[in-house]
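Engineer: One structure, pasted below without further comment.
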Amino acid sequence: QMEKEKDKVTFLPAHEIKEIEGKDKLEGITIESLNKKETKHLPVQGVFIEIGLIPNSEFARSLVKLNQIGEITVDCSNHTSIPGLFAAGDVSSVPEKQIIIAAGEGAKATLIAHQYLMRLK
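Anchor point for the sequence shown: position 61 equals 61 in the UniProt record's numbering, and the numbering is continuous, going up by one each time.
Pasting the structure below:
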């Protein structure tokens with residue numbers, strides 16, 4: 001099954017989406033090659049955008065433990081190596097960098113941080 005499906009997926013590194021088109025649903029996109037500065041229209045039924053692979057963690061480098069690729073190391077409750085400091089989203093070591101996961105991790109970190117603060121009272 002996967003062998004049949006792989007012909008339906010195209011990876012386009014070094015491209016930028018210029019326009020997402022469709023009235024009631026996605027019908028196509030216009031992309032631009034970052035290398036050649038050429039644009040083209042593609043009829044598509046789905047889009048998965050990868051923004052970047054390098055975590056923006058420089059601000060925390062001297063504060064918390066980072067893993068080998070620069071993500072802030074967190075446990076399953078979003079605790080960092082500093083008590084009372086929590087991290088979530090793509091900057092953290094949580095796998096699968098997708099916005100829905102980052103949003104959920106952010107909500108979870110907020111609740112756990114609130115519990116932490118309530119225990120300090």
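No residue lacks a Cβ here, since even glycine has one placed at the ideal position from N, Cα and C.
With distances taken from CA atoms, which of Q115, G106 and V9 is nearest P43?
Structural biologist: By one-based count along the sequence shown, residue 43 stands at place 43. Cα-wise, what sits closest to P43 is V9.
Engineer: Looking only at DSSP bridge pairs, what is H79 linked to?
Structural biologist: The count along the sequence shown starts at 1 and reaches residue 79 at position 79. Partner(s): F86.
Engineer: Using a Cβ-Cβ cutoff of less than 7 Å, which residues in the same chain neighbour I72 once the five nearest sequence positions on both sides are dropped?
Structural biologist: Within the sequence shown, the letter at position 72 stands for residue 72. Counting only Cβ-Cβ distances below 7 Å, and skipping sequence neighbours, we find S57, A60, V64, L66, T80, A87, V91, S92 and S93.
Engineer: Can you pull the DSSP bridge partners for K23?
Structural biologist: In the sequence shown, the residue the question calls residue 23 occupies position 23. None; K23 has no bridge partner.
Engineer: Beta-carbon within less than 6 Å of I17's beta-carbon, same chain only, minus the 5 sequence neighbours each way: which residues are those?
Structural biologist: Locating residue 17 in the sequence shown gives position 17, where the first residue counts as 1. So the qualifying residues of the chain are I29 and I31.
Engineer: Is it true that the CB of N78 sits closer than 8 Å to the CB of K108?
Structural biologist: On the sequence shown, residue 108 is found 108 positions in, with the first residue counted as 1. On the sequence shown, residue 78 is found 78 positions in, with the first residue counted as 1. Cβ atoms of K108 and N78: closer than 8 Å.
Engineer: Quick check: what's the CA-CA separation for E105 versus L120?
Structural biologist: On the sequence shown, residue 105 is found 105 positions in, with the first residue counted as 1. On the sequence shown, residue 120 is found 120 positions in, with the first residue counted as 1. Rounded to the nearest angstrom, the two C-alpha atoms are 23 Å apart.
Engineer: Here's the rule I'm using: 16 or more other beta-carbon atoms within 10 Å means buried, otherwise exposed. How should P55 be labelled?
Structural biologist: Reading the sequence shown from its first residue, position 55 is the one you call residue 55. Under this definition P55 is a buried residue.
Engineer: If you draw a straight line from the alpha carbon of E24 to that of L12, how long is it in whole angstroms?
Structural biologist: Your numbering for residue 24 matches position 24 in the sequence shown. Your numbering for residue 12 matches position 12 in the sequence shown. Here the sequence assigns Asp to residue 24, which means Glu is not the residue at that position. Their backbone Cα atoms lie some 25 Å apart in a straight line.
Engineer: Taking 6 Å as the limit between beta carbons, can you name the residues of its chain near A113, skipping five residues before and five after?
Structural biologist: Along the sequence shown, read from residue 1 onward, the residue named residue 113 stands at position 113. So the list reads F86, once near-sequence residues are dropped.
Engineer: May I ask which residues mark the beginning and end of the alpha helix (DSSP H) holding E105?
Structural biologist: Position 105 of the sequence shown, counted from the first residue, corresponds to residue 105. E105 -> alpha helix (DSSP H) spans I99 to L120.
Engineer: Looking at V47: is its Cβ nearer than 8 Å to the Cβ of L34?
Structural biologist: By 1-based counting over the sequence shown, the position of residue 47 is 47. By 1-based counting over the sequence shown, the position of residue 34 is 34. No, Cβ-Cβ distance for V47 and L34 is not below 8 Å.
Engineer: Give the DSSP-derived three-state secondary structure of K18 in the structure shown.
Structural biologist: On the sequence shown, residue 18 is found 18 positions in, with the first residue counted as 1. The answer is strand: DSSP assigns K18 an E or B state.
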